[in-house]
Amino acid sequence: MSTWRGAEPPPAPPITAAGWLRVVWRGTALGAVTFGCLGLLLLVRLAERPLFGWHRPVTPFITQFVCRMAFVILGIRHTVRGQQMRARGAVVANHASWLDIFALNARKRVYFVSKAEVAGWPGIGWLARATGTVFINRDRREAKAHAQLFEERLKAGHKLLFFPEGTSTDGRRVLPFKTTLFAAFLTNELKDILHIQPVTVIYTAPPGQHAAFYGWWGDMGFGAHLLNVLAARPQGGVELVYHAPLRVSDFPDRKALAMACEDAVRSAMPSA
1 MSTWRGAEPP PAPPITAAGW LRVVWRGTAL GAVTFGCLGL LLLVRLAERP
51 LFGWHRPVTP FITQFVCRMA FVILGIRHTV RGQQMRARGA VVANHASWLD
101 IFALNARKRV YFVSKAEVAG WPGIGWLARA TGTVFINRDR REAKAHAQLF
151 EERLKAGHKL LFFPEGTSTD GRRVLPFKTT LFAAFLTNEL KDILHIQPVT
201 VIYTAPPGQH AAFYGWWGDM GFGAHLLNVL AARPQGGVEL VYHAPLRVSD
251 FPDRKALAMA CEDAVRSAMP SA
């Protein structure tokens, strides 16, 4: 996957002595909650998997608890506008940061669709597999395989979530949506039973910081970005805007469906 390089990353703010203290206690608390609950999730999954298969009646609540607690620990405001979709289907959103995963999971039980190489990333790949992430290759030649996998998960009641931009940005814009994955929802088996809900993720930087403070892109290192977020005081906020779900069967092809989703997501961005 290519990395967006449309803007220069802002200079990292210096971390003060008080900031390092926040890094220590917030990092410790976040790690304890994340990995403690991950251990609980894996234990519950030992019984959940043979009893329910693809259905996960318990473990998504554990994931959601971790994501909500992350914002409590970090002190970042988390607000929502709009109604969450109850119909069967998928969710698409713009992508600005690793924080998106926490933000989108905190309010809605979703399963992320991610590029295949993430499964091999140390730590992150393990967490992603444990929480039911769907790993795929973004290749049109694999559209049929994607459709079969999506069908299994969607018919099990899973809400699949993917980022059609294909990369993260500075959080201040929406890139053109890639249309490849939308084809998987337009098969004869799925198009008449699915909806797709566009969601706009909007970050507000901490007072006095660069507007793209929470954005993570280009050559920005994960560790350095994480430290700055942990150290920040006061913090900013993130808002999720849930748009009206789109009925897949109302669109003639993947390009039209992708464009409608992109327009909805873009419409709520402050720059719009």
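If you're matching positions, the sequence shown starts at 1 in UniProt numbering and goes up one per residue.
By construction, the Cβ of each residue, glycine as well, lies at the ideal position given by its N, Cα and C atoms.
Using a Cβ-Cβ cutoff of less than 8 Å, which residues in the same chain neighbour G237 once the five nearest sequence positions on both sides are dropped? To locate residue 237, count along the sequence shown from 1; it is residue 237. I76, R77, H78, T79, Y203 and T204.
What separation, rounded to the nearest whole angstrom, lies between the Cα atoms of T34 and A18? Numbered from its first residue, the sequence shown carries residue 34 at position 34. Numbered from its first residue, the sequence shown carries residue 18 at position 18. Answer to the nearest angstrom: the Cα atoms are 24 Å apart.
Rounded separation between G132 and T59 - CA only: Start at 1 with the first residue of the sequence shown, and residue 132 comes out as number 132. Start at 1 with the first residue of the sequence shown, and residue 59 comes out as number 59. If I take the Cα positions, the gap works out to 10 Å.
Have a look at W25 and A231 and give me their C-alpha separation to the nearest angstrom. Translated into the one-based positions of the sequence shown, residue 25 becomes position 25. Translated into the one-based positions of the sequence shown, residue 231 becomes position 231. A direct Cα-Cα distance of roughly 10 Å separates W25 from A231.
I need the straight-line Cα distance from G31 to A116, nearest angstrom please. Position 31 of the sequence shown, counting from 1, holds the residue named residue 31. Position 116 of the sequence shown, counting from 1, holds the residue named residue 116. Cα to Cα, the separation comes out at about 25 Å.
Report the rounded CA-to-CA distance for D253 versus T28, giving the unit in angstroms. Working through the sequence shown from its first residue, we reach residue 253 at position 253. Working through the sequence shown from its first residue, we reach residue 28 at position 28. D253 and T28 have their alpha carbons spaced roughly 48 Å apart.
Which runs of the alpha helix (DSSP H) spanning at least 4 residues fall entirely within the UniProt domain "Phospholipid/glycerol acyltransferase" (89-204), listed in chain order? Listed in chain order, they are 99-107, 124-130 and 143-155.
Threshold first: 4 residues or longer. Then list the alpha helix (DSSP H) segments lying entirely within the stretch 202-241, N to C. Runs found: 222-231.
Which one of A264, Q209, I196 and R233 has the shortest CA to CA distance from A87? Along the sequence shown, read from residue 1 onward, the residue named residue 87 stands at position 87. Closest by C-alpha distance to A87, out of A264, Q209, I196 and R233, is I196.
CA-CA distance, V44 and L161? As a position in the sequence shown, residue 44 is number 44, starting the count at 1. As a position in the sequence shown, residue 161 is number 161, starting the count at 1. Answer to the nearest angstrom: the Cα atoms are 23 Å apart.
I need the DSSP call for T59, collapsed to helix, strand or coil. Start at 1 with the first residue of the sequence shown, and residue 59 comes out as number 59. It is helical.
What would DSSP say about T3, mapped onto helix, strand or coil? The residue given as residue 3 occupies position 3 in the sequence shown. T3 falls in the coil class under three-state DSSP.
Roughly how many angstroms lie between the CA atoms of Q64 and R109, to the nearest whole one? Taking the sequence shown and counting its residues from 1, the one referred to as residue 64 is at position 64. Taking the sequence shown and counting its residues from 1, the one referred to as residue 109 is at position 109. Looking at the two C-alpha atoms, the distance is approximately 7 Å.
Could you check what DSSP says for R86 in three-state terms: helix, strand or coil? As a working note, residue 86 is residue 86 in the sequence shown. Note: R86 maps to coil in three-state DSSP.
Given 8 Å, three or more beta-carbon pairs between the stretch 168-176 and the stretch 91-110: Yes: at least three Cβ pairs fall under 8 Å.
Output needed for C37: all residues of its chain with C-beta closer than 6 Å, excluding positions within five of it in sequence on either side, in chain order. Translated into positions along the sequence shown, residue 37 becomes position 37. Around C37: I62 and V66.
Can you tell me the Cα-Cα spacing of A12 and W217, whole angstroms? Position 12 of the sequence shown, counted from the first residue, corresponds to residue 12. Position 217 of the sequence shown, counted from the first residue, corresponds to residue 217. So the alpha carbons of these two residues sit roughly 13 Å apart.
If you drop the 5 nearest sequence neighbours on each side, which residues of the same chain put their C-beta closer than 7 Å to that of A211? Residue 211 sits at position 211 when you count from the first residue of the sequence shown. R172 and A205, listed in sequence order.
Compute the Euclidean distance between the alpha carbons of V91 and V23, then round it to the nearest angstrom. The residue labelled residue 91 in the question sits at position 91 within the sequence shown. The residue labelled residue 23 in the question sits at position 23 within the sequence shown. Our two residues, V91 and V23, have alpha carbons roughly 33 Å apart in a direct line.
Can we say the stretch 238-257 touches the stretch 186-194, given the rule of at least three CB pairs closer than 8 Å? Enough Cβ pairs lie closer than 8 Å, so yes.
Residues in its own chain within less than 8 Å of L190 by CB, not counting five upstream and five downstream? Against the sequence shown, residue 190 aligns to sequence position 190. Closer than 8 Å at the Cβ level, and outside the excluded window around L190, lie A147, F150, E151, L154, A184 and V248.
C261 and F135 closer than 8 Å at C-beta: Taking the sequence shown and counting its residues from 1, one reaches residue 261 at position 261. Taking the sequence shown and counting its residues from 1, one reaches residue 135 at position 135. No, Cβ-Cβ distance for C261 and F135 is not below 8 Å.
Pair within 8 Å by beta-carbon distance, residue 276 and V265: Beyond the ends of the chain as shown, which are 1 and 272, falls residue 276; an answer cannot be given.
Take T200 as the anchor and find which of G215, M269 and A224 has the nearest alpha-carbon. In the sequence shown, the residue the question calls residue 200 occupies position 200. Residue M269 is the option with its Cα nearest to T200.
Please list the terminal residues of the continuous beta strand (DSSP E) segment that includes T79. Within the sequence shown, residue 79 is the residue found at index 79, counting from 1. Residues R77 to R81.
Closest to V229 by CA distance: which of A244, E239, F213 and L240 is it? For the purposes of this step, residue 229 is taken as the residue at position 229 of the sequence shown. Out of A244, E239, F213 and L240, F213 has the C-alpha closest to the C-alpha of V229.
Residues in the same chain with beta-carbon distance under 6 Å from G89, minus the five sequence neighbours each way, listed in chain order, please. Indexing the sequence shown from 1 puts residue 89 at position 89. Excluding residues within five positions, the ones whose Cβ falls inside 6 Å are L194, H195 and I196.
Return the residue from the list A47, A106 and P9 that minimises the CA-CA distance to A70. In the sequence shown, residue 70 corresponds to position 70, counting from 1. Comparing Cα-Cα distances from A70 to each of A47, A106 and P9, the minimum goes to A106.
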